[in-house]
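J.: Chains as they are written, first to last, in my numbering: chain A, 70 to 401; chain B, 364 to 647.
For every residue, glycine included, the Cβ atom is placed at its ideal position computed from N, Cα and C.
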């Protein structure tokens with residue numbers, strides 16, 4: 070249980086700068102999700118907090134203590150890896166107990182803590198099994214258990230759900246979030262999946278190319294993206310971007326409108342040709358192409374009439390839903 | 364109608380032909396061993412008087428007892444023990460050293476890491492025979508002639524095994540090392556608690572190969588053991604051959620040859636189970 074502070078943290082591998090200075094203050098018990106496309110440096114950032122990568126410059130503080138030069142085990146953190154990193158030759162019990170054994174925790178204490186974690190994660194029946202005898206979801210839970218028994222100040226998650234199938238992912242998402250609430254542990258969670266970020270985060274950090282483009286509560290980021298990148302990355306299907314020119318307006322700004330704010334209409338702001346539509350059941354995504362080739366997606370209620378492919382339709386939206394970005398991608 | 368059995372379709376005549384081919388092949392390979400066995404169970408006169416018998420005689424216990432207790436120069440039991448110590452020493456030593464050096468090369472970043480790896484790799488090009496004179500000089504100066512250390516130490520470094528373990532360690536996910544670091548394991552702790560148990564199937568496989576390598580050493584023991592009490596079995600067989608007008612005691616020589624084959628066979632059969640089971644488990 071502790072706060073976590075990143076103060077202008079930078080990372081370079083040789084001459085290549087990977088992280089260009091990131092500052093975040095994480096409150097005690099807060100669930101922070103770092104989200105971004107692959108290669109944006111989000112995992113590197115997490116690994117610097119864990120102590121698996123050195124910090125090139127800036128400070129990492131856990132509970133007000135500067136930990137830059139400390140070994141991972143001294144930082145009071147626990148990490149859940151993408152491929153779980155369970156020790157294949159050890160039983161579930163030994164996997165969870167390994168860290169405590171090294172820390173020379175008394176045997177009775179170890180057994181109690183592991184039993185407690187196993188109860189919490191519904192792993193009691195599997196304690197004597199080897200990791201290979203478990204399903205993906207169970208392995209994930211063991212990895213969580215290994216983190217829990219250490220009673221760390223900060224949980225670090227490195228894309229923990231990306232090896233699971235879609236259904237299990239949704240379930241584990243809820244479980245992780247519930248568990249974190251119950252334990253009240255500060256958590257830093259890295260993912261490339263914006264749905265995970267939206268559903269789990271108290272606050273999220275949207276990273277792009279080594280820079281934190283925006284830090285904020287999920288709905289706030291969704292409603293008010295700070296940059297064109299954030300507007301395009303958060304939300305599915307992504308925001309439609311149109312140049313001012315296409316809309317017949319002055320200036321070189323780009324206008325972003327979310328698919329759910331875009332309507333098919335007679336006339337309206339501009340016309341486009343329907344390319345194809347995807348019926349998802351509750352809603353239908355209509356993909357259109359404007360005269361200049363820009364792709365636009367419109368989210369339509371399934372009950373509404375869907376234009377035939379190739380049909381020419383008008384697009385309309387409320388000006389209040391428009392997001393304007395200048396040529397550097399910043400909101401203006 | 365072709366009946367399916369396993370992966371290969373049964374084909375009437377073809378099946379018999381392939382089996383016949385295999386049986387003939389096995390008989391061909393096995394025949395000299397059978398002859399050796401027959402020769403070890405008869406008396407000297409039966410062997411030297413043609414035609415050589417093809418069925419075992421009644422001297423089995425007498426010949427083997429004679430071989431084990433007195434032999435020609437030294438009792439076979441002593442030579443078997445010498446060979447066992449040398450083969451086990453070489454196998455275990457090679458495994459220990461190559462595990463550690465592969466661990467260093469894969470998991471530590473130190474200056475000259477690649478250089479050291481290639482240096483180790485280069486020694487592959489220098490088999491015992493090439494460096495035998497300087498090695499002899501060194502061992503002689505250390506006073507290790509006619510000793511187990513002298514038999515084992517010069518053969519204990521292994522580029523092949525180092526390379527094998529390096530390749531295996533590189534397939535172990537980095538996250539395991541990192542997880543162990545987060546759990547607070549120091550490098551050697553990680554090595555003993557995680558890497559070593561994970562390598563056990565490789566170790567078993569390598570032990571078999573290296574044991575046989577050590578067991579079959581001929582030139583080196585021949586060079587540094589002058590005392591018959593330190594002879595190893597493989598060179599011992601050669602020593603039994605008569606020089607000049609001596610009469611060869613063929614039954615004892617053949618009994619010795621067969622005895623020399625027993626330990627490697629036991630190791631292969633015994634360890635095979637272990638590493639086949641390990642391979643089937645397919646973990647990681």
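In this structure, does DSSP put residue 303 of chain A in helix, strand or coil?
T.: Translated into the one-based positions of the first chain, residue 303 of chain A becomes position 234. Looking at residue 303 of chain A - three-state DSSP - the assignment turns out to be coil, as it is neither helix nor strand.
J.: Counting only runs of 4+ residues fully inside the region 524–607 of chain B, write out the alpha helix (DSSP H) ranges in chain order.
T.: Listed in chain order, they are 537–545, 550–553, 563–578, 582–587, 596–603.
J.: Give the secondary structure of residue 80 of chain A by DSSP, where H, G and I count as helix, E and B as strand, and everything else as coil.
T.: Counting from 1 along the first chain, the entry for residue 80 of chain A is found at position 11. In this structure, residue 80 of chain A counts as strand in the three-state DSSP scheme.
J.: Closer than 6 Å by C-beta to residue 77 of chain A: which residues in its own chain qualify, once you throw out the five before and the five after it? Chain order, please.
T.: As a working mapping, residue 77 of chain A is identified with position 8 in the first chain. Hits under 6 Å: 90, 92, 127.
J.: Does the beta carbon of residue 215 of chain A come closer than 9 Å to any beta carbon on chain B?
T.: In the first chain, counting from the first residue as 1, residue 215 of chain A sits at position 146. Judged by the 9 Å Cβ criterion, residue 215 of chain A is in contact with chain B.
J.: Roughly how many angstroms lie between the CA atoms of residue 309 of chain A and residue 108 of chain A, to the nearest whole one?
T.: Your numbering for residue 309 of chain A matches position 240 in the first chain. Your numbering for residue 108 of chain A matches position 39 in the first chain. Approximately 24 Å between the Cα atoms of the pair.
J.: At the 9 Å Cβ level, is residue 545 of chain B part of the contact set with chain A, yes or no?
T.: For the purposes of this step, residue 545 of chain B is taken as residue 182 along the second chain, with counting starting at 1. Yes, residue 545 of chain B counts as interfacial toward chain A.
J.: What separation, rounded to the nearest whole angstrom, lies between the Cα atoms of residue 615 of chain B and residue 392 of chain B?
T.: Here the question's residue 615 of chain B lines up with position 252 in the second chain. Here the question's residue 392 of chain B lines up with position 29 in the second chain. Distance between the alpha carbons of residue 615 of chain B and residue 392 of chain B is about 22 Å.
J.: Got a sec? Which residues, its chain only, sit under 6 Å from residue 153 of chain A by beta carbon, not counting five neighbours each side?
T.: Within the first chain, residue 153 of chain A is the residue found at index 84, counting from 1. Excluding positions up to five away in sequence, the list reads 208, 212.
J.: Quick one, which of A:94, A:110, A:102 has its alpha-carbon nearest residue 85 of chain A's?
T.: Locating residue 85 of chain A in the first chain gives position 16, where the first residue counts as 1. Looking at the Cα atoms, A:110 is the closest of the given residues.
J.: Below 7 Å on C-beta distance, what does residue 152 of chain A contact in chain B?
T.: What you label residue 152 of chain A is simply residue 83 of the first chain in a count that begins at 1. Under the 7 Å cutoff, chain B gives 536, 538.
J.: Please report the distance separating the alpha-carbon of residue 415 of chain B from that of residue 516 of chain B.
T.: As a first step, residue 415 of chain B is located in the second chain; it is residue number 52 there, counting from the start. As a first step, residue 516 of chain B is located in the second chain; it is residue number 153 there, counting from the start. Approximately 43 Å between the Cα atoms of the pair.
J.: Below 7 Å on C-beta distance, what does residue 119 of chain A contact in chain B?
T.: If you number the first chain from 1, residue 119 of chain A lands on position 50. Per Cβ cutoff of 7 Å: 545.
J.: Determine which residues of the region 542–570 of chain B have a Cβ less than 9 Å from any Cβ of chain A, and write them out in chain order.
T.: Within the region 542–570 of chain B, the residues whose Cβ lies closer than 9 Å to some Cβ of chain A are 542, 543, 544, 545, 546, 547, 548, 549, 552, 556, 557, 560, 561, 563, listed in chain order.
J.: Which of the three DSSP states, helix, strand or coil, is assigned to residue 173 of chain A?
T.: Walking along the first chain from the start, residue 173 of chain A turns up at place 104. Coil, per DSSP.
J.: Are at least three pairs of beta-carbons, each pair with one atom in the region 551–569 of chain B and one in the region 591–604 of chain B, less than 8 Å apart?
T.: The region 551–569 of chain B vs the region 591–604 of chain B: no contact.
J.: If you check the beta carbons only, do residue 399 of chain A and residue 295 of chain A fall under 9 Å apart?
T.: Here residue 399 of chain A corresponds to residue number 330 of the first chain, with the count starting at 1. Here residue 295 of chain A corresponds to residue number 226 of the first chain, with the count starting at 1. Yes, Cβ-Cβ distance for residue 399 of chain A and residue 295 of chain A is below 9 Å.
J.: Any idea what DSSP makes of residue 256 of chain A, helix, strand or coil?
T.: The residue given as residue 256 of chain A occupies position 187 in the first chain. DSSP places residue 256 of chain A in strand when its eight states are reduced to three.
J.: Among residues of its own chain, excluding the 5 on either side of residue 623 of chain B, which ones have a beta-carbon nearer than 7 Å to its beta-carbon?
T.: To locate residue 623 of chain B, count along the second chain from 1; it is residue 260. So the list reads 596, 597, 600, once near-sequence residues are dropped.
J.: Return helix, strand or coil for residue 354 of chain A, following the three-state DSSP convention.
T.: Taking the first chain and counting its residues from 1, one reaches residue 354 of chain A at position 285. In this structure, residue 354 of chain A counts as strand in the three-state DSSP scheme.
J.: How is residue 127 of chain A classed by DSSP in three states: helix, strand or coil?
T.: Stepping through the first chain from its first residue, residue 127 of chain A is reached at position 58. Strand at residue 127 of chain A.
J.: Determine, using beta carbons only, whether residue 280 of chain A comes closer than 9 Å to chain B.
T.: Indexing the first chain from 1 puts residue 280 of chain A at position 211. Cβ-Cβ to chain B under 9 Å: no for residue 280 of chain A.
J.: Considering residue 207 of chain A, what are the terminal residues of the alpha helix (DSSP H) in which it resides?
T.: For this step, residue 207 of chain A is matched to residue 138 along the first chain. 205–218 is the span of the alpha helix (DSSP H), which, as asked, contains residue 207 of chain A.
J.: Looking at residue 122 of chain A and the ligand ZN, is the gap between the Cβ and the nearest heavy atom below 8 Å?
T.: The ligand ZN is not part of this structure, which contains no ligands at all.
J.: Buried or exposed for residue 547 of chain B, please, with buried defined as at least 16 other CB atoms from any protein chain shown within 10 angstroms of its CB.
T.: In the second chain, counting from the first residue as 1, residue 547 of chain B sits at position 184. Buried.
J.: Using the C-alpha atoms, what's the distance from residue 203 of chain A back to residue 603 of chain B?
T.: In the second chain, residue 603 of chain B corresponds to position 240, counting from 1. In the first chain, residue 203 of chain A corresponds to position 134, counting from 1. About 60 Å.
J.: In whole angstroms, what separates the C-alpha of residue 453 of chain B from that of residue 145 of chain A?
T.: Working through the second chain from its first residue, we reach residue 453 of chain B at position 90. Working through the first chain from its first residue, we reach residue 145 of chain A at position 76. Each residue's alpha carbon lies about 45 Å from the other.
J.: Please return the same chain residues whose Cβ sits closer than 8 Å to the Cβ of residue 98 of chain A, not counting the five positions on each side in sequence.
T.: Position 29 of the first chain, counting from 1, holds the residue named residue 98 of chain A. Answer for residue 98 of chain A: 70, 253, 254, 255, listed in chain order.
J.: With a 10 Å radius around its C-beta and 16 neighbouring C-beta atoms as the bar for buried, classify residue 443 of chain B as buried or exposed.
T.: For the purposes of this step, residue 443 of chain B is identified with residue 80 of the second chain, where counting begins at 1. By the neighbour-count rule (16 or more Cβ atoms within 10 Å), residue 443 of chain B is buried.
J.: By Cβ distance, which residues of its chain are closer than 6 Å to residue 323 of chain A, with the 5 residues on each side in sequence left out?
T.: By one-based count along the first chain, residue 323 of chain A stands at place 254. Hits under 6 Å: 310, 312, 394.
J.: Would you please verify whether the beta carbon of residue 132 of chain A is less than 9 Å from any beta carbon of chain B?
T.: Stepping through the first chain from its first residue, residue 132 of chain A is reached at position 63. It does not; no Cβ of chain B falls within 9 Å.
J.: Name the chain B residues that come within less than 9 Å of residue 141 of chain A, Cβ to Cβ?
T.: Counting from one through the first chain, the residue named residue 141 of chain A turns up at place 72. Near residue 141 of chain A (Cβ distances below 9 Å), the residues of chain B are 541, 544, 545, 546, 547.
J.: Taking a Cβ distance cut-off of 7 Å, strictly less, list which residues of the region 158–175 of chain A are near chain B, in chain order.
T.: The residues in question are 158, 167, 168, 171, 172.
J.: When you check each C-beta in the region 184–214 of chain A against every C-beta of chain B, which residues fall closer than 9 Å?
T.: Listed in sequence order: 199, 200, 201, 212.
J.: Using the C-alpha atoms, what's the distance from residue 530 of chain B back to residue 536 of chain B?
T.: Position 173 of the second chain holds residue 536 of chain B. Position 167 of the second chain holds residue 530 of chain B. Distance between the alpha carbons of residue 536 of chain B and residue 530 of chain B is about 12 Å.
J.: Which word fits residue 378 of chain B, buried or exposed, when buried means at least 16 other C-beta atoms lie within 10 angstroms of its C-beta?
T.: Here residue 378 of chain B is taken as the residue at index 15 of the second chain, counted from 1. Looking at its Cβ environment, which holds fewer than 16 other Cβ atoms inside 10 Å, residue 378 of chain B is exposed.
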